[in-house]
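Asker: Have a look at this one before I ask anything.
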Amino acid sequence: MKQDKVALLETLYPSWGQQFVIDEVLFEHQTEHQHLVIFKNAQWGTVMALDGIIQTTEKDEFVYHEMMTHVPILAHGSVRKVLIIGGGDGGILREVLRHTEVESVTQVEIDQQVIDMCQRYLPNHSAGAFDHPKAQIVISDGVDFVAECNEKFDLIISDSTDPIGPGESLFTTPFYQGVADCLNKDGIFVAQNGVSFMQLDEVQTTAKRLQPYFADVGFYSAAVPTYVGGIMTFAWASHNTDIRSQSIDLIAERFEQAAINTRYYNPGIHTACFALPQYVQEAIQSS
Ligand code: SAM
């Protein structure tokens with residue numbers, strides 16, 4: 005690296021990590037909840053990090069945002085009411101709203117500044133979704149929202165930071181209990197659950213904490229380049245034990261009806277993503 009360039013060294017793992025050369029800082033501030041920086045990088049475009057951990061980049065955000073939305077929506081088949089926890093960059097909200105049968109999306113984000121700065125410096129992530137008439141934005145801690153919520157949802161997506169700082173509460177039993185109470189009988193809960201090769205304990209803990217409240221608990225995965233260390237796992241929980249294993253023909257039919265263009269998700273990826281490496285399966289079984 006040329007000596008005059010500054011780099012962001014990701015601090016997720018104490019003895020190993022990735023670095024991003026910072027070509028231009030667009031915004032940097034210690035918000036009420038976390039350190040927020042948005043910067044330009046020649047390889048990844050505009051990048052956002054919270055508390056030194058990469059959250060999203062212009063170049064690879066589509067992988068994560070497509071997999072956290074189209075997998076549960078097309079597995080369910082008739083999602084009308086959605087709750088998003090976190091997701092301040094707006095990518096999840098954008099992808100959910102591409103499904104025209106969705107009637108309302110409530111997004112509960114703890115940090116207004118993340119929304120504001122991502123709208124300004126990462127405008128293609130939300131692509132106007134925060135102003136969509138079907139979207140309602142609530143600034144609150146997600147664990148408090150589900151504890152006090154009397155509504156029921158067909159899909160709840162937890163697009164949180166890692167379980168460090170404000171995101172920690174979104175990996176706890178009280179949060180999962182609240183989610184279980186806010187889901188309709190065929191509802192689905194999905195959550196970002198870390199890179200399993202590096203954070204296998206997170207998968208085990210989540211499995212153990214979800215199992216008492218849901219009839220079906222599982223995981224699926226995708227390789228997100230800037231979530232370093234291998235496949236990213238997504239937690240899945242539902243009161244319905246059938247909808248996680250839909251046939252590829254049914255998913256293909258629904259994908260065609262949805263008439264959405266994707267860059268990562270497709271029916272083959274949908275059915276394959278639930279296949280997990282042996283070490284992950286064994287960790288879940290031993291949880
Ligand atoms: N895709 C990223 C990942 O997998 O790490 C997450 C992206 S998104 C930027 C994470 C969001 O969760 C941030 O906007 C952060 O402010 C929000 N967040 C963290 N803790 C929260 C909480 N307890 N309640 C609601 N939102 C929270």
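Going letter by letter, the sequence shown gives residues 5 to 291 in the numbering used here.
Even glycine gets a Cβ: it sits at the ideal position worked out from N, Cα and C.
(1) Tell me whether residue 1, by its Cβ, gets closer than 7 Å to a heavy atom of the ligand SAM.
(2) Drop a sphere of 10 angstroms on the beta-carbon of residue 246, count the other beta-carbons inside from all chains shown, and report buried for 16 or more, exposed for fewer.
(3) Taking 7 Å as the cut-off, is the CB of residue 174 close to at least one heavy atom of the ligand SAM?
(4) Can we count residue 164 as close to the ligand SAM, meaning its CB is less than 7 Å from some heavy atom?
(5) What's the C-alpha gap between residue 77 and residue 159?
(6) Less than 7 Å separating the Cβ of residue 268 from some heavy atom of the ligand SAM?
(7) Select from 108, 112 and 169 the residue whose C-alpha is nearest the C-alpha of residue 152.
(8) Is it true that the CB of residue 42 sits closer than 8 Å to the CB of residue 54?
(9) CB-CB under 7 Å to residue 275, same chain, minus the five flanking residues each way: which ones, in chain order?
(10) By how many angstroms is the C-alpha of residue 91 removed from the C-alpha of residue 116?
(11) For residue 151, report the span of its alpha helix (DSSP H) as first-last.
(12) Once DSSP output is grouped into helix, strand and coil, what is the label at residue 244?
(13) In the DSSP output, which residue or residues are listed as bridge partners for residue 49?
(14) Using a Cβ distance threshold of 8 Å, determine whether the stretch 95-103 contacts the stretch 178-198, with at least three qualifying pairs required.
(15) Need the endpoints of the beta strand (DSSP E) that residue 142 sits in, please.
(16) Pairs of beta-carbons, one from the stretch 138-149 and one from the stretch 51-68, closer than 8 Å: are there three or more?
(17) With respect to 7 Å, is the separation between the Cβ of residue 170 and the closest non-hydrogen atom of the ligand SAM below this value?
(18) Assign residue 163 to buried or exposed, taking buried as 16 or more other Cβ atoms, counted over all protein chains shown, within 10 Å of its Cβ.
(19) Alpha helix (DSSP H) containing residue 128: first to last residue?
(20) Would you mind working out which of 270, 40, 195 and 219 sits nearest residue 236, comparing C-alpha positions?
(21) Hey, would you say residue 199 sits closer than 8 Å to residue 231, going by beta carbons?
(22) Count the other C-beta atoms from every protein chain shown that fall within 10 angstroms of the C-beta of residue 170, then say buried if there are 16 or more, exposed otherwise.
(23) Any heavy atom of the ligand SAM inside 7 Å of the beta-carbon of residue 59?
(24) Thinking just about the alpha-carbon of each residue, which of 120, 156, 139 and 239 is nearest to the one in residue 175?
(25) Rounded C-beta distance between residue 288 and residue 219? I'm assuming under 8 Å.
(26) Could you pull out every residue in the same chain whose Cβ sits closer than 7 Å to the Cβ of residue 38, ignoring the five residues on either side in sequence?
(27) Keeping to the same chain, check which residues put their C-beta closer than 8 Å to that of residue 27; ignore five residues upstream and five downstream.
(28) Contact check, residue 14 vs residue 57 under 8 Å by CB: the rounded distance?
Answerer: Quick look at the numbers:
(1) This structure does not reach residue 1, given that the chain is present from 5 up to 291, and the question cannot be answered.
(2) With a threshold of 16 other beta carbon atoms within 10 Å, residue 246 falls short and is exposed.
(3) Correct: residue 174 has its Cβ closer than 7 Å to the ligand SAM.
(4) Answer for residue 164: yes, Cβ within range of the ligand SAM.
(5) One C-alpha to the other measures close to 8 Å.
(6) No, the ligand SAM has no heavy atom inside 7 Å of this Cβ.
(7) Looking at the Cα atoms, 112 is the closest of the given residues.
(8) Not closer than 8 Å, so no.
(9) Here the set comprises 252 and 255.
(10) For residue 116 and residue 91, the distance between alpha carbons rounds to 11 Å.
(11) Per DSSP, residue 151 belongs to the alpha helix (DSSP H) from 146-152.
(12) Coil at residue 244, not helix or strand.
(13) 45.
(14) Put simply, the stretch 95-103 does not touch the stretch 178-198. Fewer than three CB pairs are less than 8 Å apart.
(15) Unbroken beta strand (DSSP E) run through residue 142: 139-143.
(16) Contact fails: fewer than three Cβ-Cβ distances are below 8 Å.
(17) Answer for residue 170: yes, Cβ within range of the ligand SAM.
(18) Of the residues assessed, residue 163 falls on the buried side of the cut-off, its CB having 16 or more other CB atoms within 10 angstroms.
(19) Its alpha helix (DSSP H) spans residues 127-130.
(20) Among 270, 40, 195 and 219, the Cα nearest to that of residue 236 is on 195.
(21) Cβ distance < 8 Å, so residue 199 and residue 231 count as in contact.
(22) By the Cβ-count criterion, residue 170 is buried, with 16 or more other Cβ atoms from all chains shown falling within 10 Å of its own Cβ.
(23) The answer is yes for residue 59.
(24) Checking every option, the nearest Cα to that of residue 175 belongs to 239.
(25) Going by Cβ atoms, the distance from residue 288 to residue 219 rounds to 16 Å, so no, they are not a contact pair.
(26) By the criterion of a C-beta distance shorter than 7 Å, residue 38 is surrounded in its chain by 54, 55, 115, 169 and 170, once the five residues flanking it on both sides are discounted.
(27) Answer for residue 27: 9, 43, 44, 45 and 46, listed in chain order.
(28) Rounded, the Cβ-Cβ distance is 6 Å, consistent with contact.
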